[in-house]
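As structure tokens, the structure follows; a few thoughts come after it.
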Amino acid sequence: MDSLLLLEQTLNGLTLGVMLFLMAAGLTLIFGVMDVINLAHGSLYMLGAFAGATVTARTGSFALGVLAGVAASALIALLLELTLIRRLYARDHLDQVLVTYAVILIANESVKIVWGPQPIFLGTPEALAGSVEIIPGVPYPAYRLAIIGAGILAAAFLWWLIARTRLGMLIRAGTTHRAIVQALGVNIQVLFALVFAIGGALAGLAGMMAGPLLAVQVGMGEQILILTFVVVVVGGLGSVRGAMAGALLVGLVDTLSRAVLPTVLRGMMEPSAADQVAANLGAVAVYLLMALILAIRPQGLFPRHA
Amino acid sequence: MAEPLLRAERLSKRFGALAAVADVSLDLVTGECHAVIGPNGAGKSTLLALLAGEIMPDSGSVVFDGDDVTRARPSRRALAGLGRTFQITQLCREFSARRNVMLAVQSRVGTPFHFLRRADSLATLAARADAALVTAGLAERAQVPAGLLSHGEQRQLELAVAMAMRPRALLLDEPTAGLGPAETAEMAARLAALKGRVAMLLVEHDMDTVFRLADRITVLAEGRVIASGAPEMIRADTAVREAYLGEVVDA
Amino acid sequence: MREPAPWHVRRGWIAARLGLVALLVAPFVLTALDRGYLLPVMTRMLAYGLAAAALDFVLGYGGLVSFGHGAFLGTGAYVTGVLLHHAGQRTPVLRWPVEIGGSADALVAFPAAAITAGALAFLIGAVSLRTRGVHFIMITLAFAQMVYFLVLAIPEYGGTDGLMLPARNNLLDLPLDGDQPIYWLALALLVGFLLVARRVMEARFGLALRGARQNERRMLALGYPVYRIRLLAFTISGAAAGVAGAVLANQAAFVSPDLLSWQRSGELIMMVILGGQGTLFGPVLGAFALLLLEEELSAVTEHWMLVLGPILLLCVLFFRRGLWGQVSGAPAHG
Amino acid sequence: MTLTRRSMLAASAAVPLTGLAAPALAQTGPIRIGMITTLSGPGAALGNDIRDGFNLVVKNASGRLGGLPVEVVIADDGLRPENGRAIAERMVRRDRIQVLTGIVFSNVMLAVAPVVLPAATYISANAGPSQLAGEGCNANYFNVAWQNDNLHEAVGQYVTQQNKQRAYILAPNYPAGRDALTGFKRFFKGEVIAEQYTRLDQLDYAAELAAIRNANPEAVYIFLPGGLGINFIKQYAAAGLRGRVPLYGPGFSFDQDVLPAVGEDALGCFNSSQWALDLPVPANRQFVDTFEREYGRLPSLYASQGYDAALLIGSAIAATRGRVGDRAAFAAALKRADFQSVRGQFRFGNNNHPIQTIYMREVVKDERGRIVNRTIGTAFQDHQDAYASQCKLA
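Protein chains in written order, with my numbering: chain V, 264 to 569; chain F, 1077 to 1327; chain Z, 68 to 401; chain S, 32 to 425.
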């Protein structure tokens, strides 16, 4: 494989990494601050994509669609927190798994009723439809570059939010010294709801950005959710930095192993078999990475301090 | 003095910037009661956890019965005869008091890897469990789930469970925590009855209990040993009086 | 001296016996009523009941929330399927390091399914059990997903298309054809597992496992090797789930990678919770209820998940004892 | 168990209870026809069109096929073989349905066939896996659409005629995908520089597109049905490959289920089909008109196949006077193919698969600005699949 192809595949890996980061950042914050495991995070991703796709179709503006997707997911996340998740803080993780699993079932079925079982194929926005020559002779889709850019912006925003604002200070304190935050007289319920909404907004953003690359369809949330779990576990539960590192690692390993393995295996077996083995072993590579990291660092790359 | 049953050599444990236990050495000889006292946050509970193997020290060693157990898991130390009670009662709350004691009685007899024989079918073990309940004054409450016992009963059960595994040394983390004056006296009497039968390392806040039971006292402050010796000596030690006992006296 | 059985335990046994009688007469009643087509559905219920009870072994009694039991179910099914596939093709399963041939014999296939699924559970458990809580949930899920992709990676076994089996297993040279033989086999396996599991939970091993769920710290301080106890329980549970998979493979004469999917793992948890965790009989009831719900609701509306979701939600929030708790009056975690 | 199912009783509801039912009607009530098809996920549009095409025939005849009232029971397999198999078991065993159709994807077809064929007759309106055309052919299995390889063979020949030497070919890794590339290679005489298989649920082709650019072929051939094709063609253009390397495919990659979503990115692509919107056959004109009037969109080749499947079943129901349970007689009636296909000429070969003409089409903008296919020629006349000789049926 030559270096230009490798560069292109690396960029593809970064696109996936960015999506995973947006998902994982929310999930890990929710876990870190509230000690809640939220399986329905993938549903927020899906609902954001559907809401955004609908607004894009109505208005013709992708930008408005993104805004709508983010807003819808944040709002739904907020509603979810107020009605259900709030009851789960004192419950064990099993209850949290089950309730949020039930939310997945309800969300998927509701989307099927409202939007139908057929996927929506969202076009790339006009302005980003073409390709950009990253190096002379190597065009790369502008939209994918935009995703990577948006991911960097979102990461910067999160960094600013967490490192520079009062809310961020409370979030940081919440992940490490929960009792102190409560003792400070902060309205913990408002903080929790806000964190949940921020997580939802990030998931909605990811969903809407994935729309033109994949398809807006029922079940899209679960596909990314499991990879997001791997990211969060690899990065260390509760750590946004860890989510960043884990997302990029998982994105790159996933994409590159899928890109490299077929060429390696093609010498050994017929093409359809080689591609089947390669595609699935590529997926396995991510989980092996997780097992390896956990064997060395059971708490992930960036563990929280106890 | 005989070879100590339990010996800690220069144990240290840091949590981030906090030196919870710093360079602590102490020992426990067969049959004695060695009390460890000190103000809140002095590192007493951390020290017990280090000795029991629940956390690993950054440096130093722990020797139990002549074996270096510094890296041994808590269950191995327990099987070697190191029992322990906790500051916050640790019981199987859904199991009856009797079953809690049974688990302790069985722990050092054979292995838990029996699959088909009923656990309470061995008469000798059951008899031992019942005897332990009688000793703890819980015979009447044997069938009550541990979680439904009163706090005082739970503290008694905690001690009964720890003793039922027939340890040779017992780490006691504030056995009178949360007890009223009458219950505290009862607990102290029960511990006094155990004296000589088991070596006790006693972490305790209640000074009456400490001076009633202890053969030796070690004083911790900010993770370090500031004094160690016979009770009269500790009572007389000015450094201790200033650092710790003084507060008690003034209060 | 045994602890006297409380009323709910006796009531539970009565209910369990009634259930067994119902299952024993069901094939005859259904055939008489010309509803024989329901028998395969009931066989699936029994198989899922076994898998759910196996999960309850670690989830309800051990407090280990495994989100990866689908992997063991599917592994059992694939082992059975692969042996049958190679027996049909007359090719060896393995050439190296030792040559292993295919087999259509249930006395080979079922133990092989149990051993392979158990070994897999041992490996996954060995890593996962070093973690706690949310970590454990996520890691078992991730490992199950890894098994899913590993199986998909083997071209000979059909990938996403699943593996079509040439026939069912033979038991003592008799083919398990028709609806009844496989039903009886499934019932026997389920009853056998329940009887053994009940005993295990009252034996020292079971008490140690249950004690570690209630208070791991105390059990460690008493000298119990909690990690090894849990690992063994996890292995047994995986093996039993593998046997359930072998039944499913036989019943359908088809093995689908869906069995390994995370949705399947989620459904198994759902069965345990709907039925009542830590009761063994409850999860079986949960499996029956869930499959019945699917069968009936899906005939009424294609959006039956919209009914199931809220049911699950309400169960978790307000109805903690599960179905078995209602039947026997027993609390979950007896 | 994430099964979704739709019981479509609309057709039977429209049946007037007049005394016109044939006297020899063997069963009471309407003849039930089971339709297992894909109505969710990336392949949903295909099943949707097959269903709509089929229902159009039933609706035009006021709930009847072959003069007798029918009820079409529809279920979604979600593109999962296990689901398809479970539905088939239920339909055949519980509901005792004797005529089934509708499966879109060959992997589902292969999982369902062993359940259905011993007890019922299956008329495929799409999936035509090679396994059921050769040695594994079955007297109770008919395919009214094509054998999987057919359309790909046509493009293989066409690309050879266009003098393209180096081709990069790509299909999903499932039975029809493997059949597709086999079919293409059978008639393509140049060099296949890479044969790429993707996952059937894959929607992002960034890695493959990078590899294509790197390989720099003279032609790219894709078999990506439904949503897969929509995404690939759009991403092909976004990656700057459109205009640099010509893109070919079977009709499945460039028909009315795909074109409206892809838009101008598909213009100029060549593809093959046994049917086309503009075929000058009276039956086709009527089909296209009524379909567009009924559903407000143009039909795809899948819709034409569903439509023909209904016509074929209707012809056999009429010939057997509704005795669909007499499977030998019903199969004999089906084999005569006594109906006006929207393709014009149509007959079955010995293996119950079509012998038919395959056309080449080009994606163009029509006078109303719609992106559609225009027939540009004939690739094969009276073409039969390569497996027929292995089939022992007469």
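In this text, a Cβ means the ideal position worked out from N, Cα and C, and glycines have one as well.
- With burial defined as no fewer than 16 other Cβ atoms inside 10 Å of the residue's Cβ, what is the status of P54(S): buried or exposed? Position 23 of the fourth sequence, counted from the start, is the residue given in the question as residue 54(S). With a pLDDT of 37 at P54(S), under the threshold of 50, the modelled position of that residue is not reliable, and the figure given next carries that caveat. Per the 10 Å Cβ criterion, exposed.
- Separation of M213(Z) from A220(Z), as counted between CA atoms: On the third sequence, residue 220(Z) is found 153 positions in, with the first residue counted as 1. On the third sequence, residue 213(Z) is found 146 positions in, with the first residue counted as 1. Spanning the two alpha carbons is a distance of roughly 11 Å.
- Query: Out of curiosity, what's the CA-to-CA distance linking V339(Z) and R388(Z)?
  - Reply: Here residue 339(Z) refers to the residue found at position 272 when the third sequence is read from its first residue. Here residue 388(Z) refers to the residue found at position 321 when the third sequence is read from its first residue. Computed Cα separation, rounded: 11 Å.
- Message: My output table needs one value for K396(S): the three-state DSSP class, helix, strand or coil.
- Response: Working through the fourth sequence from its first residue, we reach residue 396(S) at position 365. If DSSP states are grouped into helix, strand and coil, K396(S) belongs with the strands.
- Item | Beta carbon proximity, L290(S) to chain V, threshold 8 Å | Numbered from its first residue, the fourth sequence carries residue 290(S) at position 259. So no, L290(S) is outside the interface.
- Boundaries (first-last residue) of the beta strand (DSSP E) holding A1096(F): What you label residue 1096(F) is simply residue 20 of the second sequence in a count that begins at 1. Unbroken beta strand (DSSP E) run through A1096(F): L1094 to L1104.
- Query: Using a Cβ-Cβ distance under 8 Å, would A319(Z) count as near chain S?
  - Reply: Numbered from 1 along the third sequence, position 252 holds the residue referred to as residue 319(Z). Interface residue, yes.
- Query: Taking just the CA atoms, how far does V329(V) sit from M472(V)?
  - Reply: Residue mapping note: residue 472(V) aligns to position 209 of the first sequence, counting from 1. Residue mapping note: residue 329(V) aligns to position 66 of the first sequence, counting from 1. C-alpha separation (whole angstroms): 8 Å.
- Task: Express the C-alpha separation of M1132(F) and R1147(F) in angstroms, rounding to a whole number.
- Result: As a position in the second sequence, residue 1147(F) is number 71, starting the count at 1. As a position in the second sequence, residue 1132(F) is number 56, starting the count at 1. About 7 Å.
- Message: Less than 8 Å between CB atoms is the rule here; does A1128(F) satisfy it with respect to chain Z?
- Response: Position 52 of the second sequence holds residue 1128(F). Chain Z, which has a Cβ nearer than 8 Å to the Cβ of A1128(F), makes this yes.
- If you measure beta-carbon to beta-carbon, which residues of the region 1218–1245 of chain F are closer than 8 Å to chain Z? Q1219, V1237, A1238 and M1241
- Does DSSP classify A57(S) as helix, strand or coil? Mapped onto the fourth sequence, residue 57(S) falls at position 26. Only weak support exists for where A57(S) lies, its pLDDT of 44 falling under 50; the coordinates are left without a value.
- Task: Note down, one range per segment and in chain order, each beta strand (DSSP E) of at least 3 residues found wholly within the region 398–434 of chain V.
- Result: 401–404
- Task: Could you name the residues of the same chain whose beta carbon sits closer than 7 Å to that of V135(S), not counting the 5 residues immediately before and after it, in chain order?
- Result: Residue 135(S) sits at position 104 when you count from the first residue of the fourth sequence. Counting only Cβ-Cβ distances below 7 Å, and skipping sequence neighbours, we find T68, T69, G74, L77, G78, I81, N157 and A158.
- Tell me whether the beta-carbon of L1278(F) lies closer than 8 Å to the beta-carbon of A1290(F). The residue labelled residue 1278(F) in the question sits at position 202 within the second sequence. The residue labelled residue 1290(F) in the question sits at position 214 within the second sequence. Contact flag set, yes.
- Item | Selection from S372(S), F301(S), Q317(S) and F283(S) that minimises the alpha carbon distance to T409(S) | Counting from one through the fourth sequence, the residue named residue 409(S) turns up at place 378. Ranking the options by Cα distance to T409(S), first place goes to F301(S).
- Residues near A238(S) by beta carbon distance below 6 Å, same chain, minus five either side: Here the question's residue 238(S) lines up with position 207 in the fourth sequence. Nothing listed; no residue qualifies.
- Message: Classify V149(Z): buried if its beta carbon has 16 or more other beta carbons within 10 angstroms, exposed otherwise.
- Response: Walking along the third sequence from the start, residue 149(Z) turns up at place 82. V149(Z) comes out buried.
- Query: Going straight from the alpha carbon of A185(S) to that of E334(Z), what length do you get?
  - Reply: Within the fourth sequence, the letter at position 154 stands for residue 185(S). Within the third sequence, the letter at position 267 stands for residue 334(Z). Approximately 46 Å between the Cα atoms of the pair.
- Message: Tell me which residue opens and which closes the alpha helix (DSSP H) that H356(V) is part of.
- Response: Translated into the one-based positions of the first sequence, residue 356(V) becomes position 93. H356 to W378 is the span of the alpha helix (DSSP H), which, as asked, contains H356(V).
- Query: Can at least three beta-carbon pairs, one atom from the region 1108–1115 of chain F and one from the region 1292–1302 of chain F, be found at a separation below 8 Å?
  - Reply: yes
- For V293(Z), which residues in chain F fall below 9 Å Cβ to Cβ? Translated into positions along the third sequence, residue 293(Z) becomes position 226. Ordered by position in chain F, the residues that pass the 9 Å Cβ test against V293(Z) are S1151.
- Query: Name the chain S residues that come within less than 7 Å of L476(V), Cβ to Cβ?
  - Reply: Here residue 476(V) refers to the residue found at position 213 of the first sequence. Here the neighbours are D235.
- Query: Considering E184(S), what are the terminal residues of the alpha helix (DSSP H) in which it resides?
  - Reply: Position 153 of the fourth sequence, counted from the first residue, corresponds to residue 184(S). E184(S) -> alpha helix (DSSP H) spans N181 to Q192.
- Step through the CB atoms of chain V and report whether any lies within less than 8 Å of the CB of L70(S). Walking along the fourth sequence from the start, residue 70(S) turns up at place 39. Chain V, which has a Cβ nearer than 8 Å to the Cβ of L70(S), makes this yes.
- Query: For the beta strand (DSSP E) that G280(S) lies in, which residues bound it at each end?
  - Reply: On the fourth sequence, residue 280(S) is found 249 positions in, with the first residue counted as 1. Per DSSP, G280(S) belongs to the beta strand (DSSP E) from L278 to P281.
- Message: Among the candidates F254(S), A241(S), Q376(S) and G327(S), whose CA atom is the shortest distance from the CA of W306(S)?
- Response: Locating residue 306(S) in the fourth sequence gives position 275, counting from the first residue. That would be Q376(S), whose Cα lies nearest to the Cα of W306(S).
- Message: For M231(Z), would you say it is in contact with chain S, using Cβ-to-Cβ distances shorter than 8 Å as the test?
- Response: Looking up residue 231(Z) in the third sequence gives position 164. So yes, M231(Z) belongs to the interface.
- Message: DSSP three-state label for L1277(F), please.
- Response: Position 201 of the second sequence, counting from 1, holds the residue named residue 1277(F). L1277(F) falls in the strand class under three-state DSSP.
- Query: Rounded to the nearest angstrom, how far is the Cβ of G309(Z) from that of T142(Z), given a contact under 8 Å?
  - Reply: The residue labelled residue 309(Z) in the question sits at position 242 within the third sequence. The residue labelled residue 142(Z) in the question sits at position 75 within the third sequence. About 6 Å separates the two Cβ atoms, so the contact holds.
- Within 10 angstroms of the Cβ of T439(V), are there 16 or more other Cβ atoms? Answer buried if so, exposed if not. Your numbering for residue 439(V) matches position 176 in the first sequence. So T439(V) counts as exposed.
- Report yes or no: is there a C-beta of chain Z within less than 8 Å of the C-beta of A53(S)? Mapped onto the fourth sequence, residue 53(S) falls at position 22. Only weak support is given to the placement of A53(S): the predicted model assigns it a pLDDT of 38, under 50, and the value that follows is read from those uncertain coordinates. Taking Cβ atoms only, chain Z never reaches closer than 8 Å to A53(S), which makes this a no.
- Message: I need the DSSP call for V299(V), collapsed to helix, strand or coil.
- Response: Here residue 299(V) is taken as the residue at index 36 of the first sequence, counted from 1. V299(V) falls in the coil class under three-state DSSP.
- Paired residues, beta bridge with P242(Z) - DSSP: For this step, residue 242(Z) is matched to residue 175 along the third sequence. Beta-bridge pairing links P242(Z) to N237(Z).
- Message: Beta-carbon within less than 7 Å of L385(V)'s beta-carbon, same chain only, minus the 5 sequence neighbours each way: which residues are those?
- Response: Looking up residue 385(V) in the first sequence gives position 122. Hits under 7 Å: A316, T319, G474, P475 and V479.
- Message: Taking the beta strand (DSSP E) that C1109(F) belongs to, which residues open and close that run?
- Response: Counting from 1 along the second sequence, the entry for residue 1109(F) is found at position 33. C1109 to I1113 is the span of the beta strand (DSSP E), which, as asked, contains C1109(F).
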